[in-house]
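Q: Here it is: the structure, laid out below.
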Amino acid sequence: MIVAKFGGTSVATLDSAQQIKKIVKAKRPTFVVVSAIGKSLAHTIKITDILFKIYYLMTDGEDYVPLLKSVIERYDNLAKELNIKLDFNFEYAQILQKIRKCQATKEYIVSRGEFLSAKLFAKFLNAEFLDAKDYIIFNSKNGNVNLLLSSRRLKTLNKNKVYVIGGFYGATLKGEIKTFSRGGSDITGAVIAKALNCEIYENYTDVNGVYNKNPRLFSHAQNLPILSYKTAYKMADAGNEVVHKSALGMLENSQTMLVVKNTMGNGYGTVVVPTNYVFNDLYICKNSAKVFLFYRLEDKELAWLKSSGELKQVIKHADIFYVIFEQLYIDEKVLQQKPNYCASFDCVKFMFFSNIKIERKNAKKLNIIAKKLKKCVVLAEFLAKENNFVILAKEENYNKVLNVINKYLQN
Ligand code: ASP
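Just add 2 to the spot in the sequence shown (first one is 1) and you have our numbering.
Structure (structure tokens):
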């Protein structure tokens, strides 16, 4: 199951909305999480910032109506641009009524951007609208999200459908609207991914993934192809704003692979995986009790490898190719020390090969992983001399190993 979250700039313009449509058509995520409309060339203020202002005007007894009208107008205009028959008169009246009855809390008001975005995009994408208040449940006592209750509600939905839900907010069981902290639509995506054990959480934003430095400030900032949740969390804690810290924390022990991508670009983005073992080119991704190993390739390399004829299988996920090689390099000495393996030369050989720069000191960690793979493979080992990590699986387990990999990485 896939959750796709689109940030404020991604839902702000006709171009980006069309791009969202393309992505949703191609990936068919079960959940599309949307933020409130963010900044664009035409508008320099985010809808959520305006909503905060409305709340402060309201509590100061000042006139908030023109600003509220401007919010509704922005949604009406986008609906027109997207060529959909939808206006937000009803929602406008609803909000006004709530304010006039003194029932509009701060969290209710500032969450209306996400609510309106979800309505708009559900219609635009021909998908079903979900009001997050009915699915993202908060504890009334401590104001934290209640994963168990949210997951119960979310599990009642049909995973073959496409649902559009506003990020950033939910409600207590009594229906009182609650919000996460700023940037919290990322957390909504994480709650859904965690609650439903989603394989993939695609987080679409306006940068090409996570960088080692802020790319808006440093021209030499490098895009990081893969990160562990732990590292990504530490980076967020230190100020990296690409994905909300709490979303990363929530997924650290999950089975979800998070892909951070640019809505408008076709770069690889950054893959965040629940593991500590991330090396230069060889990625080890723990999912459930199993461990997957995959090697990421650029298109150019793929063409070269295809001609080398050693390729066993190519798996494509999110524009990234992961390859399994047929050829196997095993240090003779290793085989001599393991007579059992020599006897099983009829087994299918997988080689996850790269010009890996695994340092010897990491070999220990790989051995730990190899132990975890014990049940379905004969040998999964770092062979320092050849600088390869090798998996040897018996013929009968070939499909099992392959299926597991395909299941989680295939588009
Ligand atoms: N709209 C909210 C904010 O601006 C939440 C989000 O965008 O994720 O903070």
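Note that the Cβ used here is the ideal one computed from N, Cα and C, for glycine as well.
Taking methionine 266 as part of the beta strand (DSSP E), name the residues at either end of that continuous run.
A: By 1-based counting over the sequence shown, the position of residue 266 is 264. Neither: methionine 266 is in no beta strand (DSSP E) and is coded neither H nor E.
Q: If you draw a straight line from the C-alpha of isoleucine 74 to the C-alpha of tyrosine 94, how long is it?
A: Along the sequence shown, read from residue 1 onward, the residue named residue 74 stands at position 72. Along the sequence shown, read from residue 1 onward, the residue named residue 94 stands at position 92. Distance between the alpha carbons of isoleucine 74 and tyrosine 94 is about 7 Å.
Q: Please name the residue, chosen from Pro227, Asp208 and Glu83, that lies closest to lysine 41 on a Cα-to-Cα basis.
A: Counting from one through the sequence shown, the residue named residue 41 turns up at place 39. For lysine 41, the nearest C-alpha among the options comes from Asp208.
Q: At the level of alpha carbons, what is the spacing between isoleucine 22 and leucine 88?
A: Along the sequence shown, one-based indexing puts residue 22 at 20. Along the sequence shown, one-based indexing puts residue 88 at 86. The straight-line gap from Cα to Cα measures roughly 18 Å.
Q: Please classify asparagine 79: does DSSP put it in a helix, a strand, or coil?
A: Taking the sequence shown and counting its residues from 1, one reaches residue 79 at position 77. It is helical.
Q: Our contact map puts leucine 260 next to valine 274 with C-beta atoms below 8 Å; I'd like the distance itself, whole angstroms only.
A: Position 258 of the sequence shown, counted from the start, is the residue given in the question as residue 260. Position 272 of the sequence shown, counted from the start, is the residue given in the question as residue 274. Indeed they touch by this definition, with Cβ atoms about 4 Å apart.
Q: Quick check: the stretch 174 to 181 against the stretch 234 to 243, are at least 3 beta-carbon pairs closer than 8 Å?
A: Touching, no, given that fewer than three Cβ pairs across the two stretches are closer than 8 Å.
Q: Do phenylalanine 8 and valine 36 have their CB atoms nearer than 8 Å?
A: Here residue 8 corresponds to residue number 6 of the sequence shown, with the count starting at 1. Here residue 36 corresponds to residue number 34 of the sequence shown, with the count starting at 1. Their beta carbons are under 8 Å apart, which means phenylalanine 8 touches valine 36 by this criterion.
Q: Beta strand (DSSP E) containing threonine 174: first to last residue?
A: Counting from 1 along the sequence shown, the entry for residue 174 is found at position 172. Where threonine 174 is concerned, the enclosing beta strand (DSSP E) stretches over 171 to 174.
Q: Mind checking whether glutamate 204 and proline 31 have CB atoms under 8 Å apart?
A: As a first step, residue 204 is located in the sequence shown; it is residue number 202 there, counting from the start. As a first step, residue 31 is located in the sequence shown; it is residue number 29 there, counting from the start. Their beta carbons are under 8 Å apart, which means glutamate 204 touches proline 31 by this criterion.
Q: Quick check on the DSSP output: what are the complete alpha helix (DSSP H) runs of length 4 or more inside the stretch 207 to 255, in order along the chain?
A: Qualifying alpha helix (DSSP H) stretches, in chain order: 231 to 239 and 247 to 253.
Q: Just to confirm the assignment: which complete beta strand (DSSP E) runs, minimum length 3, are found wholly within the stretch 114 to 202?
A: For the stretch 114 to 202, whole beta strand (DSSP E) runs of length 3 or above, ordered along the chain, are 130 to 132, 165 to 168, 171 to 174 and 179 to 181.
Q: Determine the direct distance from the alpha carbon of glutamine 105 to that of serine 230, and round the result to whole angstroms.
A: Counting from 1 along the sequence shown, the entry for residue 230 is found at position 228. Counting from 1 along the sequence shown, the entry for residue 105 is found at position 103. Answer to the nearest angstrom: the Cα atoms are 43 Å apart.
Q: Tell me the residue span of the beta strand (DSSP E) that contains alanine 6.
A: Taking the sequence shown and counting its residues from 1, the one referred to as residue 6 is at position 4. It spans 4 to 8 - the beta strand (DSSP E) in which alanine 6 sits, taken as one unbroken run.
Q: According to the neighbour-count rule (16 or more other Cβ atoms, all chains shown, within 10 Å of its Cβ), is lysine 182 buried or exposed?
A: By one-based count along the sequence shown, residue 182 stands at place 180. Looking at the sequence shown, residue 182 is not lysine but phenylalanine. Buried: at least 16 other Cβ atoms inside 10 Å.
Q: Going by DSSP, which residues form a beta bridge with methionine 259?
A: For the purposes of this step, residue 259 is taken as the residue at position 257 of the sequence shown. Methionine 259 is bridged to Ile202.
Q: Confirm the yes/no value for this check: CB of glutamate 116, any heavy atom of the ligand GTP, distance under 7 Å.
A: No copy of the ligand GTP appears in this structure; the ligands present are the ligand ASP.
Q: Opposite phenylalanine 33 in the DSSP bridges: which residues?
A: In the sequence shown, counting from the first residue as 1, residue 33 sits at position 31. Partner(s): Val5 and Tyr165.
Q: Would you kindly report the start and end of the unbroken alpha helix (DSSP H) that includes phenylalanine 54?
A: Translated into the one-based positions of the sequence shown, residue 54 becomes position 52. Phenylalanine 54 -> alpha helix (DSSP H) spans 49 to 61.
Q: Where does glycine 191 land, buried or exposed, given buried means 16+ other C-beta within 10 angstroms?
A: Along the sequence shown, read from residue 1 onward, the residue named residue 191 stands at position 189. Glycine 191 should be labelled buried.
Q: Take every Cβ of the stretch 121 to 129, pair it with every Cβ of the stretch 149 to 156, and state whether three or more of those distances are shorter than 8 Å.
A: Verdict: no, contact absent.
Q: From what residue to what residue does the alpha helix (DSSP H) around valine 112 run?
A: The residue labelled residue 112 in the question sits at position 110 within the sequence shown. Start and end: 108 to 112.
Q: Less than 7 Å separating the Cβ of alanine 38 from some heavy atom of the ligand ASP?
A: Against the sequence shown, residue 38 aligns to sequence position 36. Within the cutoff, so yes.
Q: Only counting the same chain, and skipping five residues up and downstream in sequence, which positions put a Cβ closer than 7 Å to that of threonine 15?
A: Here residue 15 corresponds to residue number 13 of the sequence shown, with the count starting at 1. Ser42, listed in sequence order.
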